[in-house]
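Residue 298 in our numbering sits at position 266 of the sequence shown, with consecutive numbering throughout. So the structure is just underneath, and the comments pick up after that.
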Amino acid sequence: MELEKIVLGKYIFVFLFFFLVLGYVIAQYITWSSPLVLILWIAGALVLMIYHNRIIQNHYKANAWIIALLLTIFSLLNMHQHLPATRLKMGKDQQVLAKLISEPKITKRQIRMEIMILEIQGQSIKPSKTLAVLWKDSLSSFPFHLGDQISFKAHLKSIKPAYNPHQFDYKSYLKSKGIYFQSEGKAEEVKLIKRYSGWNFSYWARKQQKHFADKFNTLMKAKEAFQIASAIVFGYRTDFSEEITQTFANTGTIHILSVSGYHVMLVFWFLNIILKKFDTYLGGPACRYILVLIIIWLYAAICGFAPPIQRAALMISIFIIGQWLHRFQFSVNSLAASAFILLCFDPHMLFDIGFQLSYLAVLGLILFTPFFKSLMNHDKSIFKKMISLLAVSLSAQLITTPLALYYFHQFPTYFLPANVLFTLPSSMMVIVGGILMISPFQGINTYFAIILENIITYSYSMLTWMDNLPGSSIKGLQMDGYALVISYSILLLLSVAYYFRHIKSLFLCLLMSCLLVGWGVWKTFSKQHFNGIRLYNVQKEIAFAIINNGHVSLFSSMDSIQDKRLKYAVWPDLEKFKALNEIQFVRLENWMEGSISFQGELCLIRNNKLPKQLNATETWIFDASNTERFIQESIALLDAKKQPYYILKDNFAYVWENKAHGKD
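And the structure:
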């Protein structure tokens, strides 16, 4: 069979998914304009006309390229349709008309929500998705919900990027949700323009979650157990303590704290076992499949249709329909089909970390679980179940590790025993918690709550013990874009070599593995022999590190290295040089006013004060403690004297190494 027939037959959705993604990626690097959009529409029409030419309709290769071109054009136009207005006027006190597109999240001091801006100063604009932050008094209420149209005075501004190396990029995170701007205002100035008249599904789901959360909170005594239970069972997230989040992250089980594919699969498995016995009474498996589909989507609704559960429910639905029609089992093609459907409706989902990790994890299960099972094959059934569990954990971790390192720069050493040992308790949590949700009997509920609380308490104690073991989490690991591409090329070649017994792919896989190891050795050597200064952007505070061949000293105006601002801006970079407990911290108490000189090479200018003497060899660095006017006047002076300078204010961290200037 020809390759084209295989691709357009067995793997049709893989083919479609590839070119859809290609168009979305290209769209990120295009400067959009009206003529370009018109050209794309004309090109799409011409391709359709060519496709209707009967001469080529029976040629697989021609069809493949035409479909690919059409899909790429469609994805470009679809991404353009989801982009916001590009000419929003940034500034204060602009009256905006907006529609709430998410339920408000209310804290003591502020309200955060996603809005779609429809008008600015009475003029209609292209609907633009925006993050709204409204400041409020602790006692004031906010009686608005998803779908309502509101008006308020807003300060529109662009979202700042991550200024420090390896810092969490909040701008990219919001961009993956289609949000490009932020607006600030006062909650008491918000006026209702139009109340949403339809059935507010999101508000209903939130009310159900709150009802179940109140029920669990009443029945469960331990606060930690209640928080973990409500997150795992029905996706109700409260403010977890730092300790809980860190314990799950360090043991590689953080995914369990969000309702996702694992939970939906468990619900499907549990329902399938219970309802299969009633096939004879329900008129065959058709009624069972319909009932399972209804319950799964109802469960997804109660969990608020969070993106992870949307993906999982769609994947399971495709699998169930495939079983129902006896057409296919779960495969790479059906996985690509679910991703294709989701991306057609929301192109920005492609750039969401959760979307990438969840689909990679399922792809890993499909591709590598048979491989690991073949390595650990055993005849006894009890060992087969254990081997199956190990194979699933290894497969998911293997394929998600490169991307996790790229984003988070840490690796949970004990992920395998933690996931294996936590699988049974977490399954019991979902099942017992599900029974507790729907049970109306108070007496029985008390016993189920005790069982659930004990399961969570003992399981969490086990994870805490693992987290306290030496080397439970390796932090500061680097993975750049090139290494990421090489890593996934290795995994792709490995799967090709295994399934098709392709020797050349195996040889190329080994060659690229050597290349990746060489890259890692070079990066490690570079870190160990780095000698220089790193000045971080921490607004008006001070934070700089002096690094000398593995010895790291952090100097800051903040009270402690545990300060949240340092944890957010500085830790991700310094952890690649040294473990946090081995970094020397020096608090700067009396250096807030004047300038700071570094070995005659750098001079940090602060609070609009120039040093008394100018050193022609020094690079002057201006941080956020200086006013814009002072910076511009100083730049004019430095330009006249041809002295180097760098503006740290609203800019990237400055890295100095061996007298070489540059930003990182």
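We treat Cβ as the ideally placed atom computed from N, Cα and C, and that holds for glycine.
8 Å contact criterion, which residue i and residue j should meet: CB distance rounded
{"i": "W688", "j": "G564", "result": "5 Å"}
{"i": "I105", "j": "L72", "result": "6 Å"}
{"i": "A371", "j": "F684", "result": "Between F684 and A371 the Cβ distance is about 34 Å, and since that is not below 8 Å, they are no contact."}
{"i": "F609", "j": "I579", "result": "6 Å"}
{"i": "F302", "j": "I463", "result": "6 Å"}
{"i": "S134", "j": "L178", "result": "6 Å"}
{"i": "I373", "j": "L346", "result": "7 Å"}
{"i": "S458", "j": "I264", "result": "7 Å"}
{"i": "A261", "j": "I488", "result": "6 Å"}
{"i": "K140", "j": "A219", "result": "About 12 Å; that fails the 8 Å criterion."}
{"i": "Y446", "j": "L501", "result": "7 Å"}
{"i": "V291", "j": "E216", "result": "Incorrect: roughly 31 Å between the Cβ atoms, too far for contact."}
{"i": "L206", "j": "I225", "result": "With a Cβ gap of about 25 Å, L206 and I225 do not count as contacting."}
{"i": "H380", "j": "H198", "result": "Going by Cβ atoms, the distance from H380 to H198 rounds to 23 Å, so no, they are not a contact pair."}
Alpha-carbon to alpha-carbon, residue j and residue i
{"i": "K673", "j": "A648", "result": "8 Å"}
{"i": "A344", "j": "I328", "result": "10 Å"}
{"i": "N486", "j": "A436", "result": "32 Å"}
{"i": "L323", "j": "L468", "result": "21 Å"}
{"i": "E650", "j": "Y195", "result": "23 Å"}
{"i": "I87", "j": "N95", "result": "Confidence at I87 is low in this model, with a pLDDT of 47, below 50, so the placement of that residue should be treated as unreliable; the coordinate-derived value is given next. So the alpha carbons of these two residues sit roughly 11 Å apart."}
{"i": "S521", "j": "C541", "result": "8 Å"}
{"i": "Q474", "j": "I482", "result": "13 Å"}
{"i": "V517", "j": "L129", "result": "44 Å"}
{"i": "A318", "j": "V299", "result": "18 Å"}
{"i": "F562", "j": "M111", "result": "42 Å"}
{"i": "L330", "j": "G354", "result": "20 Å"}
{"i": "H187", "j": "L547", "result": "50 Å"}
{"i": "S208", "j": "F377", "result": "14 Å"}
{"i": "V394", "j": "W551", "result": "28 Å"}
{"i": "L589", "j": "M145", "result": "Going by the sequence as given, residue 589 is Ser instead of Leu. So the two alpha carbons sit approximately 33 Å from each other."}
{"i": "L620", "j": "S504", "result": "33 Å"}
{"i": "G508", "j": "L586", "result": "16 Å"}
{"i": "M461", "j": "L120", "result": "48 Å"}
{"i": "P175", "j": "F244", "result": "22 Å"}
{"i": "A333", "j": "P449", "result": "33 Å"}
{"i": "L717", "j": "I593", "result": "Here the chain covers residues 33 to 696 and nothing more, so residue 717 does not appear."}
{"i": "V618", "j": "S545", "result": "41 Å"}
{"i": "F184", "j": "P159", "result": "16 Å"}
{"i": "F266", "j": "S471", "result": "15 Å"}
{"i": "Q181", "j": "L70", "result": "32 Å"}
{"i": "K189", "j": "L163", "result": "10 Å"}
{"i": "Q664", "j": "Y212", "result": "29 Å"}
{"i": "K255", "j": "L543", "result": "52 Å"}
{"i": "H693", "j": "S204", "result": "Because the pLDDT at H693 is just 44, under 50, the model does not fix this residue reliably, and the value given afterwards should be weighed accordingly. If I take the Cα positions, the gap works out to 27 Å."}
Status (buried if at least 16 other CB within 10 Å, exposed otherwise) for residue i
{"i": "Y514", "result": "exposed"}
{"i": "M122", "result": "exposed"}
{"i": "G396", "result": "buried"}
{"i": "P676", "result": "exposed"}
{"i": "A601", "result": "buried"}
{"i": "Y686", "result": "buried"}
{"i": "K161", "result": "buried"}
{"i": "T478", "result": "exposed"}
{"i": "G284", "result": "buried"}
{"i": "A575", "result": "buried"}
{"i": "I74", "result": "exposed"}
{"i": "R638", "result": "buried"}
Check whether residue i and residue j have beta carbons under 8 Å apart
{"i": "Y321", "j": "I352", "result": "yes"}
{"i": "S366", "j": "I341", "result": "no"}
{"i": "Q510", "j": "H583", "result": "no"}
{"i": "L523", "j": "I398", "result": "no"}
{"i": "A368", "j": "F45", "result": "yes"}
{"i": "L642", "j": "S666", "result": "yes"}
{"i": "S425", "j": "N451", "result": "yes"}
{"i": "L680", "j": "L567", "result": "yes"}
{"i": "D655", "j": "L669", "result": "no"}
{"i": "L108", "j": "A59", "result": "yes"}
{"i": "Q278", "j": "G336", "result": "no"}
{"i": "L484", "j": "G465", "result": "yes"}
{"i": "P339", "j": "F383", "result": "no"}
The ligand GTP heavy atom lying under 7 Å from the CB of residue i
{"i": "K599", "result": "The ligand GTP is not among the ligands present in this structure, which contains no ligands whatsoever."}
(request) Could you tell me which uninterrupted beta strand (DSSP E) segments, each at least 3 residues in length, are contained entirely in the segment 486-530, listed from first to last along the chain? (result) The segment 486-530 contains these whole beta strand (DSSP E) runs: 505-507.
(message) Extract the residue ranges of the beta strand (DSSP E) inside the segment 190-239, only unbroken runs of 3 or more that lie entirely within it.
(response) Whole beta strand (DSSP E) segments, 3+ residues: 213-218 and 223-226.
(request) Could you tell me which uninterrupted beta strand (DSSP E) segments, each at least 3 residues in length, are contained entirely in the segment 543-626, listed from first to last along the chain? (result) Within the segment 543-626, the complete beta strand (DSSP E) runs of at least 3 residues fall at 563-567, 575-580, 583-588 and 616-619.
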